[in-house]
Amino acid sequence: MNIDHVKALAAAVDEGTVEGAAFVLGITASAASQRIRTLESRLGQVLIRRTNPITVTEAGQAILRYARQVELLEAEALDRLHGIDADASGAGSAAVRREPTVLRVGVNADSMATWFRPIFAEAAGWDDVVLRIEMVDQDKALPLLASGEVLGTITSTATGGYGTTVVELGAMRYVAVAERSLFERHSTGTEADLLRLPMVNFGQDDDLQFEFLRRCGVEGRPPMSVVPGSAEFAAAVEAGLGWGMVPVMQLDGLDADLVEIGENPHIDVPLYWHHWTLASDKLSRLTRALQTAAAAMR
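Note that UniProt numbering has the sequence shown beginning at 1, numbered continuously upward.
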């Protein structure tokens, strides 16, 4: 495959349009379109859906993943060559500016709001890297890796796919809690009526509250509010909008009088870092930083 054709496809996916890809690549829109069509013709597969924004087909996912890997390895090869050139030229030679490598990472919202945050301070010292973060539920993250949209993602799945490496990070503990006055309005003594007690859910991909209800033997759905944001979700529970599974790491920052629900209010969600199996110094550096940050998880 012609690498310029592959880069044109990746740029079209990143920018959402062929015109955007052309601008980034410094070529005309017709030239960018021709590169993608030539690649499709050579492979005998339709690689992108020419929608707005552009999306990739299943075949296109394989090529996009290849493009991301080439992008990362090419950047690191150029870094090494630049280092060799600087050593040979001496310290007095003018530095050549190079664009930083883009590391695309999938992160779930609760990790982002808690243990992941030290990664920002760590990455602030990496002049050769920029981060592009995709927010995704930990149960739905692997398709991003398979499609090539990210080079690594945090997920609750232990089993990796072809060409990937899995690193165990630890487990995040969630606690079912409700604001006390809300709990008392929908309970008899110390037992809450979980079919009547209002609930807060993160979104349609969030199964954690329903998993808790299943463990409690509850069939049916209580009154439910949807609050799609980690800090906002905790604030909604704190305000008494409904009960919810709140990470232990967030509970210390809440001021409300919260009570735990049920005999066993805890659910531990294991987290794993899945990334492409590549000999990449920058990817290895990111992996080490994630392991260090995740050590604070509880």
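For glycine and all other residues, C-beta sits at the position ideal for the given N, C-alpha and C.
query                                                                                                                                                                                                 : result
By the 10 Å Cβ neighbour count, where 16 or more other Cβ atoms means buried, how is Gln138 classified, buried or exposed?                                                                            : buried
Return the chain-ordered list of same chain residues with a C-beta closer than 8 angstroms to the C-beta of Ala158, the five sequence neighbours on each side being excluded.                         : Val166, Glu168, Pro270 and Tyr272
Could you please give me the residues that DSSP links to Pro247 through a beta bridge?                                                                                                                : Tyr174
Tell me whether the beta-carbon of Thr101 lies closer than 9 angstroms to the beta-carbon of Leu72.                                                                                                   : yes
Who are the near neighbours of Asp281 in its chain, counting only those whose CB is closer than 7 angstroms to its CB and skipping five residues on each side?                                        : Glu76
What does the alpha-carbon distance come out to for the pair Leu9 and Phe210?                                                                                                                         : 40 angstroms
What three-state label does DSSP hand Glu40 in the structure shown?                                                                                                                                   : helix
What residue from Ser33, Leu197, Ser41 and Asp79 has the CA that sits closest to Arg50's CA?                                                                                                          : Ser33
State the Cα-Cα distance for the pair Arg42 and Trp115, rounded to the nearest angstrom.                                                                                                              : 46 angstroms
Are Leu47 and Ala31 closer than 9 angstroms when you measure CB to CB?                                                                                                                                : no
Here's a check: name, in chain order, each residue in its chain whose Cβ is nearer than 7 angstroms to the Cβ of Arg298, leaving out the five neighbours to either side.                              : Arg173, Val248 and Met249
As a quick exercise: from Glu99, Leu254, Ser111 and Arg185, pick the residue whose alpha carbon is nearest that of residue 302.                                                                       : There is no way to answer for residue 302, as the model of the chain reaches only from 1 to 298.
From the DSSP secondary-structure annotation, give me the bridge partner or partners of Tyr272.                                                                                                       : Thr155 and Glu168
Since Ser225 and Leu241 should fall inside the 8 angstroms C-beta cutoff, what is the C-beta to C-beta distance between them, to a whole number of angstroms?                                         : 5 angstroms
Please go through the same chain and pick out, in chain order, the residues whose beta-carbon is closer than 8 angstroms to the beta-carbon of Ser147, but skip the five residues on each side of it. : Val56, Gln61, Leu64 and Arg65
Ends of the alpha helix (DSSP H) at Gly20?                                                                                                                                                            : Val18 to Leu25
Check Met1 in the structure and name its three-state DSSP category.                                                                                                                                   : coil
Within a Cβ cutoff of 6 angstroms, which residues of the same chain sit near Ala256, ignoring the five residues on either side of it in sequence?                                                     : Glu179 and Glu238
Straight-line CA distance for Asp206 to Leu81?                                                                                                                                                        : 46 angstroms
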